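Okay, structure first, notes after.
Number of protein chains: 2
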Amino acid sequence: MTPQRKDAARNWEHIVAVARELVDEGTPLQLNDVARRAGLGVGTVYRHFPTTEALLETVATPCLEALASQGEQGLAHDDPWEAFAAFLTKIVEGQVTDPALVKVSAAAQDVLPRTTDLKKQIMGNGSKLLAKAREAGAVRADLDDADIVPLMCGIAYATYVHSGSPADRLPTARRYLETLLRGLRA
Amino acid sequence: MTPQRKDAARNWEHIVAVARELVDEGTPLQLNDVARRAGLGVGTVYRHFPTTEALLETVATPCLEALASQGEQGLAHDDPWEAFAAFLTKIVEGQVTDPALVKVSAAAQDVLPRTTDLKKQIMGNGSKLLAKAREAGAVRADLDDADIVPLMCGIAYATYVHSGSPADRLPTARRYLETLLRGLRA
DNA sequence: ACACATACGGATGAACTATCCGTTTTGGGG
DNA sequence: CCCCAAAACGGATAGTTCATCCGTATGTGT
Chain A
169 MTPQRKDAAR
179 NWEHIVAVAR
189 ELVDEGTPLQ
199 LNDVARRAGL
209 GVGTVYRHFP
219 TTEALLETVA
229 TPCLEALASQ
239 GEQGLAHDDP
249 WEAFAAFLTK
259 IVEGQVTDPA
269 LVKVSAAAQD
279 VLPRTTDLKK
289 QIMGNGSKLL
299 AKAREAGAVR
309 ADLDDADIVP
319 LMCGIAYATY
329 VHSGSPADRL
339 PTARRYLETL
349 LRGLRA
Chain B
169 MTPQRKDAAR
179 NWEHIVAVAR
189 ELVDEGTPLQ
199 LNDVARRAGL
209 GVGTVYRHFP
219 TTEALLETVA
229 TPCLEALASQ
239 GEQGLAHDDP
249 WEAFAAFLTK
259 IVEGQVTDPA
269 LVKVSAAAQD
279 VLPRTTDLKK
289 QIMGNGSKLL
299 AKAREAGAVR
309 ADLDDADIVP
319 LMCGIAYATY
329 VHSGSPADRL
339 PTARRYLETL
349 LRGLRA
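Chains as they are written, first to last, in our numbering: chain A, 169 to 354; chain B, 169 to 354.
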């Protein structure tokens, strides 16, 4: 395996950077569009990222990784309930801050391998925190591991429906999560 | 104003029926596609419904109307909290049952006049029920009128993320709503 | 410097959207 | 019953966006 050519690496970075910009300004990601803005040929972009989703995944991955490691820290927290709540808060905050995150989170299993992987990892951490909280009798029994990610996506979605301007989102999301957490507490 | 010709009326019905089928089977709505399936010319479909969204709106309207009148009935309920809860339950059940409903609910203000109208009506009913429940001291103060629709959309979204098969959706949605309601109760 | 692998670019075809206008159908008046 | 103007139909076609393919250019080890 040859290491990869310099120009290829440079273009890869450039494409991801341009995509990040587009995502941040809310423009729907279109590969031909990315190519034009990056001053590259369409073929180049498509070779690096066969689909829009693949590019989106790459853009979102750093943020997802951050969330995954966040979960590990949470395990060290003293109060099991607080640890669980803090964990969920971080996830929701990430989702309402980064539009790319919502999109990849909603993607079906297996289409985005890296994302699927990281989601599993996050879910693993969530499970541990949930189990601890449940053992401590802090959380209701009817909440399942598999509910965590969907519920966080739901709150993020509700937040996007509620507020047009990005500035309003964080407080709204926190308020919604608080309400949900109140309902989850035993 | 001339009453409209019979063939036009017949085709209109037919188009809506075909669209309903497509929506139900999860196929993304495409007007050319609708035309082919209905055995009509593309032009005919476009004349009746200038955009995909317009057709979707027509498909979703009966269901939205049902929800709107549901709210009115709810006003007659004895217990203010129960009335409010029952109202939200109906909305969520509608959203997870009918894919069309989710899509039009998410549409921006003003693009779908009829939908915007009905949403306002539903929100009006929701406001009244919320006000009553609040007066009775049954619901927390930090919930605003404008939060109702987003939260219901959020629950529907969470439900779609959670379960692939339509059969699982209704129980999941009910469970999520229960949790939320517990968190809303004063 | 050479040659070969690797990567680039954009012309190009496929898929879909939406319009326009010549033809057909409808239904009220003669 | 027939006529004809208004109304509606159908589908060819122009405009977009998506994705591929291959001739050309560029980087890299010898």
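For each residue, glycine too, the CB sits at the ideal point set by N, CA and C.
Everything numeric in this text was worked out from a predicted model, so none of it was measured.
So, for residue i: in the same chain, excluding its five sequence neighbours on each side, which residues have a beta-carbon less than 6 Å away from its beta-carbon?
{"i": "S273/A", "result": "C321"}
{"i": "W217/B", "result": "Trp is not the amino acid found at residue 217/B; the sequence shown has Phe there. Closer than 6 Å at Cβ, skipping near neighbours: L223."}
{"i": "T327/B", "result": "V264, R337, T340 and A341"}
{"i": "R204/B", "result": "none"}
{"i": "A304/A", "result": "P248"}
Write down the C-beta distance between residue i and residue j rounded to the nearest angstrom, noting that I regard them as a contact closer than 8 Å.
{"i": "A187/A", "j": "V210/A", "result": "14 Å between Cβ atoms; not a contact."}
{"i": "V260/A", "j": "I323/A", "result": "5 Å"}
{"i": "G351/B", "j": "G294/B", "result": "That belief does not hold up - the Cβ atoms of G351/B and G294/B are roughly 17 Å apart, past 8 Å."}
{"i": "T220/B", "j": "L199/B", "result": "6 Å"}
{"i": "D310/B", "j": "R343/A", "result": "6 Å"}
From what residue to what residue does the alpha helix (DSSP H) around residue i run?
{"i": "Q289/A", "result": "P281 to E303"}
{"i": "F156/A", "result": "Here chain A has residues from 169 to 354 only, and residue 156/A is not among them."}
{"i": "A354/A", "result": "Note, A354/A: premise wrong, no alpha helix (DSSP H); not H, not E."}
{"i": "T327/B", "result": "I316 to H330"}
{"i": "A176/B", "result": "K174 to D192"}
{"i": "T195/B", "result": "From DSSP, T195/B is part of no alpha helix (DSSP H); its letter is neither H nor E."}
{"i": "Q263/A", "result": "P248 to T265"}
{"i": "V202/B", "result": "L199 to A206"}
What does the alpha-carbon distance come out to for the pair residue i and residue j?
{"i": "D278/A", "j": "P267/A", "result": "21 Å"}
{"i": "A251/B", "j": "L297/B", "result": "7 Å"}
{"i": "R173/B", "j": "L319/B", "result": "43 Å"}
{"i": "L269/A", "j": "V329/A", "result": "16 Å"}
{"i": "D192/A", "j": "E193/B", "result": "34 Å"}
{"i": "L190/B", "j": "Y325/B", "result": "20 Å"}
{"i": "G113/B", "j": "A341/B", "result": "This structure gives no information on residue 113/B, because the portion of chain B shown stretches from 169 to 354."}
{"i": "A314/B", "j": "A299/A", "result": "35 Å"}
{"i": "P230/B", "j": "H245/B", "result": "23 Å"}
{"i": "L232/B", "j": "T226/B", "result": "10 Å"}
{"i": "K271/A", "j": "D175/B", "result": "44 Å"}
{"i": "K288/B", "j": "R302/B", "result": "20 Å"}
{"i": "A275/B", "j": "A185/A", "result": "30 Å"}
{"i": "D312/A", "j": "L345/A", "result": "17 Å"}
{"i": "T195/B", "j": "R282/A", "result": "28 Å"}
{"i": "A177/A", "j": "I183/B", "result": "51 Å"}
{"i": "T347/A", "j": "L286/B", "result": "27 Å"}
{"i": "A335/A", "j": "E181/A", "result": "29 Å"}
{"i": "Y214/B", "j": "L197/A", "result": "28 Å"}
{"i": "A228/A", "j": "A228/B", "result": "34 Å"}
Quick one: residues in its chain with C-beta nearer than 8 Å to the C-beta of residue i, no 5 flanking neighbours on either side, listed in chain order?
{"i": "L338/B", "result": "E261, V264 and T265"}
{"i": "T284/A", "result": "Q277 and D278"}
{"i": "R353/B", "result": "W249, A306, V307 and R308"}
{"i": "F255/B", "result": "Q238, G239, G242, N293, G294 and L297"}
{"i": "N179/B", "result": "A206, L208, T212 and H216"}
In chain order, what residues of the same chain have a beta carbon less than 7 Å from the beta carbon of residue i, not counting five sequence neighbours either side?
{"i": "L235/B", "result": "K258, I259, G262 and I290"}
{"i": "A253/A", "result": "L349"}
{"i": "L280/A", "result": "E221, E225 and V272"}
Q | Residues of the region 295–314 of chain A with Cβ closer than 8 Å to any Cβ of chain B, in chain order | A | Of all residues in the region 295–314 of chain A, R308, D310, L311 and A314 have a Cβ within less than 8 Å of some Cβ in chain B.
**Q.** Residues within the region 200–221 of chain B neighbouring chain A, beta-carbon criterion of under 8 Å
**A.** Taking 8 Å as the upper bound on Cβ-Cβ separation, chain A lies near no residue of the region 200–221 of chain B.
Q: With 9 Å as the C-beta to C-beta threshold (strictly closer), list the residues of the region 315–344 of chain B near chain A in chain order.
A: Only D315, V317, P318, L319, M320, C321, G322, I323, A324, Y325, A326, T327, Y328, V329, H330, S331, G332, T340, R343 and Y344 from the region 315–344 of chain B bring a Cβ to less than 9 Å from some Cβ of chain A.
Q. Got a sec: which bits of the region 179–199 of chain A sit with their beta carbon under 8 Å from any beta carbon on chain B, in order along the chain?
A. Using a CB distance below 8 Å, no part of the region 179–199 of chain A faces chain B.
Q: Could you run through the region 258–275 of chain B and flag, in chain order, every residue whose CB is less than 9 Å away from some CB of chain A?
A: Of all residues in the region 258–275 of chain B, S273 and A274 have a Cβ within less than 9 Å of some Cβ in chain A.
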